[in-house]
Each structure stands twice: as structure tokens, then as C-alpha cells.
Amino acid sequence: MIFTGGAVELHGHRGARGLRPENTLAGFAHALELGVDAIELDVGITADGVVVLNHDQVLSPVTLADTAPARPGDPLFPYVGRAIRDLTLEQVKTLEAGVRRPRGDDDPFVLTQLPVPGTSLPTLAEACALLSGAYDVVLAVELKTDPSWPDADVERFTAAVAEVLEEFGLTGRSRLLAFDWRVLTAAQRHAPAAGRVALVERRTLVPDSPWLAGMAPDDPAGSAMKIGATALSPEHHLTTPVLVDEAQTLALPVVVWTVNEPEEMSRFIGYGVDAIVTDYPDRLRTVFAEHRLPLPRPMAAPIPQ
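Going by our numbering, the letters in the sequence shown line up with residues 141 to 445, in that order.
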């Protein structure tokens, strides 16, 4: 999936996290209705091998709540606080994912996110079914692993994601994202037609980093190119004009994340980034309009019942 030269892409983070519950069909539908170039989403894999959407490997009480056990007397209930890899799809599907429950008063999203009670975590297949009709929209699928995962598990997970994308004919307009760069090498084998996005943040760019599959942390753009990435995606704290220039000189588009304030959006547009990831697609659309940048077209996306 090639970036459009000369334009800046608008990516909805976890759908539209600032406006609707994250990684849900309701959030994706709202992002499509606003108009985005790409929808970023996070995936994990259940104990029975199903790819499901969720940001954290361990189920968080901020975004999820238990309802009832999948079966009476289930010894693993309650499920919140457990790893997705330890639960089956049947157990994951009991969780309420439509109401944010912040632990303190400093959660910015609780003030702007519209709850959608009765929402469950979707499978990747369910998300693909919704997004397959949005013909212009890229799927930016982040695979949630970490250096503690055995290589075989990373390979199996990547293959499972690739299989779902292929089933829906979405490989060619998908990008696979990872902080754990072993995913990028596995993606070359299992989804060669998909983009491969090297994610970096300050904690992964350290000496002898276990995240970078043996690549050097002091040259993120060059290392991303060597590992076979087709784009570099640094956190906004790391994104400087020098890094943007270094990456683009290597023909690596730069996708900066996560940018929510209009002045910061304008700053990164000035840096010449290729895409901006935001929790607030509505704000970024306003900034795009102010800069006379092309706006992705809104599209209706009814949520499957």
C-alpha cells in the first residue's frame, strides 16, 4: 500500500478514540463518517487462535468491564486483568467495551468520548467485514507482541492476521505495524503485498534494544529500511525535521503519532510528514482545511447487527 505523494494522510487512531470507544465497530464507523484516509487498529490473538481487537495484551479496566462468565463456574472469571492469549474468543466476547472507566480525573477522553453501551470487542474478521466496503480507506493493523514472545508465536500470530486480511481481499490496502520488528520480517513472508510500518518510541530506541530484531537504535530510519519496512512511524516526541528528512531520503514515508492538538498538527504538516495519527479526526480535518490540504471523503458505514 503506497502513500500518496504530495498529500498528508489522516489516520484515525484506534478508530476515533477521542470521540467513540476505541477499537470498536462503532468507532470505525464514526471515523468513516467523518472521513479518514486510514483507520489504525490494534490486534491480539486468543487462546483458540482468533485475532481480536484490543490495544493491550492484558485486558484493561479502563476500556473493558466484565459482564458474566462465558460459562457458569468458569475458573478464569473475571477476565479483566488477564492476557488475551489466556482467554478464548467466547470469554473475550462477554466483555463490555463501549464505556470508558478512567482511574483518575486526568483522562482526556472521558470528556469527549461518547459511550456506546453494549459494545463488544470485535474480531479482525468483523472489522474487515465493516471496512471492506470503504474502498479508499487503508487498514493500519498494529500487532501487539513484545520481546518476551517466542519467535514461533510471533510467526503464528502474523500468519493469522495475514490470513484474515487475505480472506477479505484487503491485503493490498493494509499495512502491518509493529514495535516488535520481528513482525515486519514475518509479514514479508505471510503478507508480502501489505505495507510494513516500523513503529518506534523512546523506550524502544535504547542500546541493545530487544524490540528492533537486532537493528541499531541510533539510526531508526536506516534500521527500518534494512529490516524491510515500507514506512517509519515515530512517536511525536521523536519526530524532528531531521528524522523526517532522513527517512524520506530513503523513500520511507513518515507517520507521526499520536497528535491531538491543532498547533501540533500544523507543526508536523510543516515538517513534511506523510501522515498524522490522531484520536480526533474532526480536529485534524479542520487543520487540513486551514492548510488547503486534500480532505478524505466521508462515507457511510452501517454497523453490522
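Glycine included, each C-beta is placed from N, C-alpha and C at the ideal position.
At the level of alpha carbons, what is the spacing between residue i and residue j?
{"i": "Arg343", "j": "Leu372", "result": "16 Å"}
{"i": "Gly354", "j": "Asp348", "result": "8 Å"}
{"i": "Leu159", "j": "Asp419", "result": "8 Å"}
{"i": "Ala318", "j": "Ala429", "result": "31 Å"}
{"i": "Ala156", "j": "Thr398", "result": "12 Å"}
{"i": "Glu236", "j": "Val301", "result": "24 Å"}
{"i": "Ala361", "j": "Ala299", "result": "26 Å"}
{"i": "Gly258", "j": "Pro161", "result": "11 Å"}
{"i": "Ala333", "j": "Arg425", "result": "29 Å"}
{"i": "Asp358", "j": "Pro287", "result": "19 Å"}
{"i": "Leu345", "j": "Ser363", "result": "11 Å"}
{"i": "Phe297", "j": "Leu229", "result": "15 Å"}
{"i": "Leu378", "j": "Glu341", "result": "7 Å"}
{"i": "Pro290", "j": "Arg225", "result": "13 Å"}
{"i": "Leu165", "j": "Thr263", "result": "10 Å"}
{"i": "Val417", "j": "Gly213", "result": "42 Å"}
{"i": "Ala208", "j": "Pro242", "result": "21 Å"}
{"i": "Glu266", "j": "Gly412", "result": "35 Å"}
{"i": "Leu305", "j": "Gly335", "result": "12 Å"}
{"i": "Val427", "j": "Arg437", "result": "15 Å"}
{"i": "Ala440", "j": "Gly167", "result": "13 Å"}
{"i": "Phe408", "j": "Leu181", "result": "22 Å"}
Could you check if residue i is buried or exposed, using at least 16 other CB atoms within 10 Å of its CB as the buried criterion?
{"i": "Glu149", "result": "buried"}
{"i": "Thr389", "result": "exposed"}
{"i": "Leu254", "result": "exposed"}
{"i": "Arg432", "result": "exposed"}
{"i": "Tyr219", "result": "buried"}
{"i": "Gly309", "result": "exposed"}
{"i": "Leu199", "result": "buried"}
{"i": "Asp246", "result": "exposed"}
{"i": "Glu307", "result": "exposed"}
Which residue or residues does DSSP assign as beta-bridge partners of residue i?
{"i": "Val340", "result": "Pro374"}
{"i": "Ser314", "result": "Leu279"}
{"i": "Val395", "result": "Ala415"}
{"i": "Ala156", "result": "Answer is none; Ala156 lacks a bridge partner."}
{"i": "Glu236", "result": "Ala205"}
Which residue comes first and which comes last in the alpha helix (DSSP H) that contains residue i?
{"i": "Thr325", "result": "322 to 330"}
{"i": "Arg225", "result": "Careful: Arg225 lies outside any alpha helix (DSSP H) and carries neither H nor E."}
{"i": "Gly152", "result": "From DSSP, Gly152 is part of no alpha helix (DSSP H) but of the beta strand (DSSP E) over 149 to 152."}
{"i": "Ala356", "result": "Premise fails: Ala356 is in no alpha helix (DSSP H) and is neither H nor E."}
{"i": "Leu264", "result": "264 to 271"}
{"i": "Val301", "result": "291 to 307"}
{"i": "Pro201", "result": "Careful: Pro201 lies outside any alpha helix (DSSP H) and carries neither H nor E."}
{"i": "Arg432", "result": "It is not in any alpha helix (DSSP H) - Arg432 carries neither H nor E in the DSSP assignment."}
{"i": "Pro381", "result": "381 to 389"}
Would you kindly report the start and end of the unbroken beta strand (DSSP E) that includes residue i?
{"i": "Glu180", "result": "178 to 185"}
{"i": "Thr164", "result": "Counting along the chain, Thr164 falls outside any beta strand (DSSP E), and DSSP gives it neither H nor E."}
{"i": "Thr418", "result": "415 to 418"}
{"i": "Leu193", "result": "191 to 193"}
Less than 8 Å between CB atoms is the rule here; does residue i satisfy it with respect to chain C?
{"i": "Ala361", "result": "No chain C is present in this structure, which holds just one protein chain."}
Within the present structure, is the beta-carbon of residue i separated from the nearest heavy atom of the ligand ZN by less than 7 Å?
{"i": "Pro212", "result": "Here there are no bound small molecules, and the ligand ZN is not part of this structure."}
For residue i, name the three-state secondary structure that DSSP assigns.
{"i": "Val256", "result": "coil"}
{"i": "Glu173", "result": "helix"}
{"i": "Thr404", "result": "It is Glu, not Thr, that sits at residue 404 in the sequence shown. Here Glu404 sits in helix by DSSP."}
{"i": "Ala361", "result": "helix"}
{"i": "Ala205", "result": "strand"}
{"i": "Gly335", "result": "strand"}
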